[in-house]
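A.B. asks:
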Amino acid sequence: MASLEEVVIKSLAGDKGLYMPERIPVLDRRTIRSLKDQSFHEIADHVAQAFFGEDMEPDALSAIVQDTLSFDTPVVQVDDSIYSLELFHGPTLAFKDVGARFMARMLEYFIRKKGIRREVNVLVATSGDTGSAVANGFLGIPAIRVFVLYPKGKVSPIQECQFTTLGQNISALEVDGTFDDCQALVKTAFADEDLNRRLQLTSANSINVARFLPQAFYYFHAYAQLDRAGKADRLTVCVPSGNFGNITAGLFARRMGLPIRHFIAANNRNDVFLEYLQTGVYTPRPSVATLANAMDVGNPSNFARILDLYGHNHAAIAKDISGYRYTDGQIGDTLREVCHTRHYLLDPHGACGYQALVDRALQPGETGVFLETAHPAKFKETVDRITGVPVEIPSKLQAFMQGEKQSIPLGKDFEGFKRFLLALED
Ligand SMILES: *Cc1c(COP(=O)(O)O)cnc(C)c1O
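If you're matching positions, the sequence shown starts at 30 in our numbering and goes up one per residue.
1. Do S436 and ligand 1 come close, with the Cβ less than 6 angstroms from some heavy atom?
2. Compute the distance between the beta-carbons of L202 and L228, then report whether it is under 7 angstroms.
3. Tell me the DSSP bridge mates of A295?
4. Using a Cβ-based criterion (distance less than 6 angstroms to any ligand heavy atom), does M324 qualify as near ligand 1?
5. Nearest CA to the CA of V36: which residue from L224, V268, G340 and L230?
6. Determine the DSSP secondary structure at A403, reduced to helix, strand or coil.
7. May I ask whether a heavy atom of ligand 1 can be found less than 6 angstroms away from the beta carbon of D57?
8. Apart from the five residues on each side of it in sequence, which residues of its chain come closer than 6 angstroms, Cβ to Cβ, to R130?
9. So T402 and Q384 are in contact, right, with Cβ under 8 angstroms, and what is the actual spacing, rounded?
10. Which class does D57 belong to by DSSP, given the choice of helix, strand or coil?
11. Applying the criterion that 16 or more other CB atoms from any shown protein chain within 10 Å of the CB defines a buried residue, is T193 buried or exposed?
12. How many Å lie between V175 and Y355 at the Cα?
13. Got a sec? Which residues, its chain only, sit under 6 angstroms from T315 by beta carbon, not counting five neighbours each side?
14. Take the Cβ of R240 as the centre, count every other Cβ of all protein chains shown within 10 Å, and call the residue buried at 16 or more, exposed below.
15. DSSP three-state label for G274, please.
16. Tell me the DSSP secondary structure of I415 in three-state form.
17. From H250 to S68, what distance separates their C-alpha atoms?
18. Here's the rule I'm using: 16 or more other beta-carbon atoms within 10 Å means buried, otherwise exposed. How should S258 be labelled?
19. I'd like the list of long-range same chain contacts for P405, defined as Cβ closer than 6 angstroms, with 5 residues on each side in sequence excluded.
20. Helix, strand or coil for N322? Go by DSSP, reduced to three states.
21. What number of angstroms, rounded off, separates the C-alpha of I93 from the C-alpha of L152?
22. Quick check: what's the CA-CA separation for A380 versus R226?
23. For the structure I just gave you, are there three or more beta carbon pairs, one from the stretch 265 to 284 and one from the stretch 328 to 341, closer than 8 angstroms?
24. Between G157 and V127, how many whole angstroms is the CB-CB distance? I'm expecting something under 8 angstroms.
25. When you compare the CB positions of I61 and G394, do they come within less than 7 angstroms of one another, or not?
26. Measuring only the C-alpha atoms, how far is N342 from D349?
27. Just the Cα atoms here: how many angstroms apart are L400 and G196?
28. Does the beta carbon of F273 fall short of 6 angstroms from some heavy atom of ligand 1?
29. If H529 and F100 are in contact, beta carbons under 8 angstroms, what's the gap, nearest whole angstrom?
30. Just to confirm the assignment, what range does the beta strand (DSSP E) spanning E203 have?
31. Mapping the DSSP letters down to three states, classify L98 as helix, strand or coil.
32. Give a single yes or no on whether A403 has its beta carbon closer than 6 angstroms to a heavy atom of ligand 1.
33. Could you tell me whether the stretch 288 to 305 touches the stretch 255 to 272, where touching means 3 or more Cβ pairs closer than 8 angstroms?
34. Quick one: what's got a C-beta closer than 6 angstroms to L56's C-beta in the same chain, skipping five residues either side?
35. Threshold first: 3 residues or longer. Then list the beta strand (DSSP E) segments lying entirely within the stretch 164 to 241, N to C.
Right under this line is the structure:
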């Protein structure tokens with residue numbers, strides 16, 4: 030059994046497996062019913078205290094929650110029974126801001142508490158959104174250095190500027206290779222005993238408990254908002270999924286007592302999870318590129334957590350979670366139609382989420398919520414082309430675009446990466 034600080038600082042268990050919380054706290058029905066009278070901060074504080082309260086001082090935890098949730102996650106009605114949970118009002122306009130900031134603050138707390146002297150190095154591989162959220166979440170935090178590894182020429186300019194222009198404790202490493210090469214470099218680094226003896230390394234991908242669990246906060250907040258509107262009785266939640274961290278946090282929320290009747294995992298053409306639901310056989314494979322590129326994952330890292338949560342019972346998983354998959358053509362059709370007929374602008378990931386709720390054909394009295402995981406301006410070129418109307422770029426994003434790009438070129442061979450990291454020692 031590992032302590033929370035160990036879990037947060039190390040990310041991966043000694044056997045390289047993923048950590049799971051030992052127990053899942055359950056909120057009683059009265060608490061759930063009272064959520065509708067509470068603010069987002071109060072709701073999130075309840076959830077955080079239930080999960081982490083035994084392992085850290087309650088006031089320090091509350092301060093971390095406050096600092097993480099500097100923005101709202103409103104539920105917006107799109108049509109009769111379908112709502113969008115907008116998770117894109119944070120600093121980098123995507124839901125990952127929540128987990129990234131929370132993890133950064135919690136890591137800072139434990140570094141202080143343990144009196145760790147040497148710097149902690151956070152390694153993160155990104156195909157776009159993770160790097161920007163992690164870089165911004167960790168920006169300026171003392172004693173932590175962040176290395177964002179990203180594939181050269183394969184990240185959109187808007188995404189790239191969000192982690193290459195920051196400076197301070199954030200370094201962007203531009204890898205001459207693919208996203209899989211970046212991920213392989215990070216994984217090999219964690220497996221390298223020599224390197225880990227000499228440097229304190231940790232991961233900020235969604236394998237880290239402190240990054241994925243805080244995502245449960247906004248499921249509770251969505252429920253509270255819908256309960257206020259009298260719409261929370263028969264709830265289906267649809268999550269556009271890639272590494273399945275976000276949906277796993279929702280499954281945890283449900284285990285904590287949140288009355289969500291059903292989950293949907295919406296996928297693009299990378300549909301190994303859907304295939305698992307249909308056949309019971311899990312066959313990871315290389316990812317294919319799509320318009321919803323944050324979901325281009327061929328071997329979702331949190332799949333193991335879902336299996337564990339359900340005791341490897343395929344029938345139980347398939348009962349609670351449905352899967353849908355969409356091609357780029359279908360994503361475009363949905364985005365265009367919802368823009369023109371519902372006057373709601375989706376991003377390519379949210380488009381999968383919305384469409385899956387339509388295809389699920391909710392019964393009268395049922396309510397569907399999809400997680401709108403990113404602001405459409407993050408995918409401006411795609412969205413403009415599909416709708417024919419230029420999407421306005423929020424000022425937060427414009428500010429990044431004015432910064433100067435700084436990145437360090439790196440080959441995809443591990444020895445070069447290791448030499449680079451070891452040079453930090455002196
Ligand atoms: C990361 C991301 C996803 C996928 O989330 P997972 O937790 O990896 O399943 C979906 N949409 C957007 C915009 C993302 O950035």
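For every residue, glycine included, the Cβ atom is placed at its ideal position computed from N, Cα and C.
C.D. replies: A quick look at the data gives this:
1. Counting from 1 along the sequence shown, the entry for residue 436 is found at position 407. Answer for S436: no, Cβ out of range of ligand 1.
2. In the sequence shown, counting from the first residue as 1, residue 202 sits at position 173. In the sequence shown, counting from the first residue as 1, residue 228 sits at position 199. Going by C-beta atoms, L202 is not nearer than 7 angstroms to L228.
3. As a position in the sequence shown, residue 295 is number 266, starting the count at 1. Paired residues: P269 and Y353.
4. On the sequence shown, position 295 is the one that residue 324 refers to. True, at least one ligand heavy atom lies under 6 angstroms from that Cβ.
5. Translated into the one-based positions of the sequence shown, residue 36 becomes position 7. Taking only the C-alpha atoms, the option nearest V36 is L230.
6. Reading the sequence shown from its first residue, position 374 is the one you call residue 403. The answer is strand: DSSP assigns A403 an E or B state.
7. Position 28 of the sequence shown, counted from the first residue, corresponds to residue 57. Checking the Cβ of D57 against ligand 1 gives no.
8. The sequence position of residue 130 within the sequence shown is 101, counting from 1. Taken in chain order, the residues that qualify are T97 and G166.
9. Along the sequence shown, read from residue 1 onward, the residue named residue 402 stands at position 373. Along the sequence shown, read from residue 1 onward, the residue named residue 384 stands at position 355. With 8 angstroms as the limit, T402 and Q384 do not qualify as a contact, their Cβ atoms being about 14 angstroms apart.
10. In the sequence shown, counting from the first residue as 1, residue 57 sits at position 28. In this structure, D57 counts as coil in the three-state DSSP scheme.
11. Counted from its first residue, the sequence shown places residue 193 at position 164. Answer is buried; the Cβ neighbour count reaches 16.
12. Translated into the one-based positions of the sequence shown, residue 175 becomes position 146. Translated into the one-based positions of the sequence shown, residue 355 becomes position 326. In a straight line, the C-alpha of V175 is about 34 angstroms away from that of Y355.
13. Your numbering for residue 315 matches position 286 in the sequence shown. Looking at the sequence itself, residue 315 is Pro, so the reference to Thr does not match. Closer than 6 angstroms at Cβ, skipping near neighbours: G327.
14. What you label residue 240 is simply residue 211 of the sequence shown in a count that begins at 1. The residue in question, R240, is buried, as its Cβ has 16 or more Cβ neighbours within 10 Å.
15. Translated into positions along the sequence shown, residue 274 becomes position 245. If DSSP states are grouped into helix, strand and coil, G274 belongs with the helices.
16. As a first step, residue 415 must be located in the sequence shown, where it is residue number 386. In this structure, I415 counts as helix in the three-state DSSP scheme.
17. As a first step, residue 250 must be located in the sequence shown, where it is residue number 221. As a first step, residue 68 must be located in the sequence shown, where it is residue number 39. About 8 angstroms.
18. Residue 258 sits at position 229 when you count from the first residue of the sequence shown. For the record, residue 258 in the displayed sequence is Ala; it is not Ser. A258 should be labelled exposed.
19. Residue numbering aside, residue 405 sits at position 376 when the sequence shown is read from its first letter. Excluding residues within five positions, the ones whose Cβ falls inside 6 angstroms are L374, D376, V412 and V420.
20. The residue you call residue 322 lines up with position 293 of the sequence shown. The answer is helix: DSSP assigns N322 an H, G or I state.
21. As a working mapping, residue 93 is identified with position 64 in the sequence shown. As a working mapping, residue 152 is identified with position 123 in the sequence shown. Near 22 angstroms, if we compare the C-alpha coordinates of L152 and I93.
22. Within the sequence shown, the letter at position 351 stands for residue 380. Within the sequence shown, the letter at position 197 stands for residue 226. Distance between the alpha carbons of A380 and R226: 45 angstroms.
23. yes
24. For the purposes of this step, residue 157 is taken as residue 128 along the sequence shown, with counting starting at 1. For the purposes of this step, residue 127 is taken as residue 98 along the sequence shown, with counting starting at 1. Not confirmed; about 17 angstroms, so no contact.
25. As a position in the sequence shown, residue 61 is number 32, starting the count at 1. As a position in the sequence shown, residue 394 is number 365, starting the count at 1. Against a cut-off of 7 angstroms, the Cβ pair of G394 and I61 comes out as no contact.
26. One-based indexing of the sequence shown puts residue 342 at position 313. One-based indexing of the sequence shown puts residue 349 at position 320. Straight-line Cα distance between these residues: approximately 11 angstroms.
27. By one-based count along the sequence shown, residue 400 stands at place 371. By one-based count along the sequence shown, residue 196 stands at place 167. So the alpha carbons of these two residues sit roughly 31 angstroms apart.
28. Taking the sequence shown and counting its residues from 1, one reaches residue 273 at position 244. Yes, since a heavy atom of ligand 1 falls inside the 6 angstroms radius drawn around the Cβ of F273.
29. As displayed, the chain neither begins before 30 nor continues past 455, which places residue 529 out of reach and without an answer.
30. Counting from one through the sequence shown, the residue named residue 203 turns up at place 174. Note, E203: beta strand (DSSP E), I199 to V204.
31. Here the question's residue 98 lines up with position 69 in the sequence shown. Coil, per DSSP.
32. For the purposes of this step, residue 403 is taken as residue 374 along the sequence shown, with counting starting at 1. Within the cutoff, so yes.
33. yes
34. Sequence index remark: in the sequence shown, residue 56 carries index 27 (1-based). The answer, listed in chain order, is M285 and G286.
35. 173 to 180, 199 to 204 and 229 to 232
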